[in-house]
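As numbered in numbering that gives the first Met the number 0, the sequence shown has no gaps in its residue numbers, which increase by one up to the final residue, 458.
To start, the structure under review is shown below, and the notes come after it.
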Amino acid sequence: MREEHIREIVDGQREYFLTGATLPVKQRIRVLRRFKEVFYDYEPALLDALYADLGKSRAEGYMCEIGMVMSEISYMEKHLAGYARDHRVRTPLAQFCSRSFVKPSPYGVVLVMSPWNYPVMLTMEPMIDALAAGNTVIVKPSAYSPRTSLVIAEIVSAAFPPELVCCVTGGRAENQSLLNQKFDYIFFTGSQAVGKVVMEKASEHLTPVTLELGGKSPCIIDDTANLSIAARRIAFGKYLNCGQTCVAPDYILCHRSVKDQFLARFTVEIRRQYGEHPLNNPDYGKIINEKHFGRIFSLIDRDKVVYGGAADARDLRIEPTVMDHITWEDEVMQQEIFGPVMPILVYDDIDEVIDIVNSHQKPLALYYFSSDRERIDKVLSRCQFGGGCVNDTIIHLATSNMGFGGVGESGMGAYHGKAGFDTFTHRKSIVDKKTWLDLGMRYQPYTKNGQKLVRMFMR
Numbered sequence: 000m001r002e003e004h005i006r007e008i009v010d011g012q013r014e015y016f017l018t019g020a021t022l023p024v025k026q027r028i029r030v031l032r033r034f035k036e037v038f039y040d041y042e043p044a045l046l047d048a049l050y051a052d053l054g055k056s057r058a059e060g061y062m063c064e065i066g067m068v069m070s071e072i073s074y075m076e077k078h079l080a081g082y083a084r085d086h087r088v089r090t091p092l093a094q095f096c097s098r099s100f101v102k103p104s105p106y107g108v109v110l111v112m113s114p115w116n117y118p119v120m121l122t123m124e125p126m127i128d129a130l131a132a133g134n135t136v137i138v139k140p141s142a143y144s145p146r147t148s149l150v151i152a153e154i155v156s157a158a159f160p161p162e163l164v165c166c167v168t169g170g171r172a173e174n175q176s177l178l179n180q181k182f183d184y185i186f187f188t189g190s191q192a193v194g195k196v197v198m199e200k201a202s203e204h205l206t207p208v209t210l211e212l213g214g215k216s217p218c219i220i221d222d223t224a225n226l227s228i229a230a231r232r233i234a235f236g237k238y239l240n241c242g243q244t245c246v247a248p249d250y251i252l253c254h255r256s257v258k259d260q261f262l263a264r265f266t267v268e269i270r271r272q273y274g275e276h277p278l279n280n281p282d283y284g285k286i287i288n289e290k291h292f293g294r295i296f297s298l299i300d301r302d303k304v305v306y307g308g309a310a311d312a313r314d315l316r317i318e319p320t321v322m323d324h325i326t327w328e329d330e331v332m333q334q335e336i337f338g339p340v341m342p343i344l345v346y347d348d349i350d351e352v353i354d355i356v357n358s359h360q361k362p363l364a365l366y367y368f369s370s371d372r373e374r375i376d377k378v379l380s381r382c383q384f385g386g387g388c389v390n391d392t393i394i395h396l397a398t399s400n401m402g403f404g405g406v407g408e409s410g411m412g413a414y415h416g417k418a419g420f421d422t423f424t425h426r427k428s429i430v431d432k433k434t435w436l437d438l439g440m441r442y443q444p445y446t447k448n449g450q451k452l453v454r455m456f457m458r
């Protein structure tokens, strides 16, 4: 799509927004319900596309993509009216007589740029939140998941007029053309490298941004953990979507005294969930493309593999792989893995773990397996990370009742549910002053009696 066309789309959405058509709450709810109907009809096409792009099974496609979107729509339908109404606040005595309130207001024209690993959920959920807040939206799905992006474009076209929501497909040229435009808000999910570019381009127009990035999310196992439960839940969280999940456990920090016990249970659990021959398992996905396949496969150190390690370059599949005796000098610890390779490191003291986590870039997620409440509170309080779980992995993002987002290098801002509505909403602070009384103490010329009243009111 040429930049001139993209500019016309942005200008058209801004003109439409300025008419006030997106403001009525009943209209916003009608828009969401219409989208829900269309989205439901396209479920089979989306599941087929997710399998073609990522090898996602229909069960995983629904659980991690379709179902998440449906839940977000239902949540917004239920709560939107309450979120959108004016919220009255207490008025200071010095401003007597008046009414003070906060008025939630949409930003305007929003750009949502989404990645390829969960292309449906990570496109549709922020779009839903932006529409609920009363904005118009341009969505830009990833070129790396082309089949899914085409279905997303069809859904958007069927559910919305282009002046309300429009889908722009394509690659880097389209991304650049979009970032050259003036938006009122930009929501980006992807890598740190591209996130920096998005933030730099947004700064040219002083456009606020939400960045959902990533990082090396640690998974900590102490000597009081239920090792069987830990093995089962970590295997699920790590190898879901072939490890291509921004909040997947990137590496394990295991207490030295239980490492061998955990490793034995972990390999048994991987075999139980994915079978003896996971490369032939139709429910086990694939790496998105050859570039990422080559990068991930190059991180596997054959001398340190204790489970898995095999790959099928033709089908872009890598076995669930575990590597032991890893140090921070190993190549696998120099970058976010974003694939089905799990390195295991050991530690001796929980303070050592806290120092390790806080001495590296702030991760998007942190997972701690333990039954010691004092240690749990210590780790959750002292470590810096976006969000996480105690005795589980990744499920903290699967709710509309909590915001999801990063901190520091792993991102800024949050969404899901009310946090999503708030992200795409500016709050106007307004004082409605009455005219039947006008206290003179604030006006010049200042008097001693007036200043006494000011001091009395403003204590």
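C-beta: ideal position from N, C-alpha, C; glycine also.
Cα-Cα separation between residue i and residue j, rounded to whole angstroms
i: R232; j: I286; result: 22 Å
i: T147; j: V246; result: 21 Å
i: C388; j: N116; result: 21 Å
i: D350; j: D222; result: 14 Å
i: R441; j: S104; result: 31 Å
i: G405; j: P362; result: 7 Å
i: R255; j: D371; result: 17 Å
i: A93; j: W327; result: 59 Å
i: Q243; j: V321; result: 16 Å
i: I137; j: I72; result: 18 Å
i: M120; j: I65; result: 7 Å
i: R461; j: G170; result: What is shown of the chain runs 0 to 458, which leaves residue 461 out entirely.
i: G194; j: L210; result: 6 Å
i: N174; j: P140; result: 10 Å
i: A418; j: L110; result: 17 Å
i: C96; j: K447; result: 22 Å
i: S369; j: R1; result: 54 Å
i: G293; j: D259; result: 30 Å
Minimum C-alpha distance to residue i - residue among the options
i: V331; options: S358, R301, L315; result: R301
i: H359; options: F368, E335, P339; result: E335
i: T122; options: R87, L45, D183; result: L45
i: F261; options: I343, I154, A142, I429; result: I343
i: M69; options: R84, Y41, L53; result: Y41
i: T274; options: A234, I295, E153; result: Note that residue 274 is Gly in the sequence shown here, rather than Thr. Cα-wise, what sits closest to G274 is A234.
i: S409; options: F420, L365, L452; result: L365
i: L178; options: K200, E3, G402; result: K200
Boundaries of the beta strand (DSSP E) in which residue i is found, first to last residue
i: D431; result: 424–432
i: G386; result: 386–389
i: V111; result: 108–112
i: A247; result: Note, A247: premise wrong, no beta strand (DSSP E); not H, not E.
Supposed close pair residue i, residue j - CB separation, criterion 8 Å
i: G416; j: S399; result: 3 Å
i: F187; j: M126; result: Rounded, the Cβ-Cβ distance is 13 Å, inconsistent with contact.
i: I269; j: I220; result: Actually they do not touch by this definition, with Cβ atoms about 16 Å apart.
i: G11; j: E162; result: 5 Å
Contact test: residue i Cβ vs the ligand ZN heavy atom, cutoff 7 Å
i: V345; result: Ligands displayed in this structure: none; no statement on the ligand ZN is therefore possible.
Start and end residues, alpha helix (DSSP H) containing residue i
i: H359; result: Premise fails: H359 is in no alpha helix (DSSP H) and is neither H nor E.
i: F187; result: Looking at the DSSP string, F187 is not in any alpha helix (DSSP H); the run it does join, the beta strand (DSSP E), is 184–188.
i: L226; result: 226–238
i: L121; result: 120–131
i: V155; result: 145–158
i: Y15; result: 2–17
Counterpart residues of residue i in DSSP-defined beta bridges
i: G462; result: With the chain covering only 0 through 458, there is no way to say anything about residue 462.
i: R316; result: D311
i: V305; result: Bridge partners of V305: none, in fact.
CB contact check: residue i to chain C, cutoff 8 Å
i: L79; result: Given the protein chain composition of this structure (a single chain), no chain C is represented.
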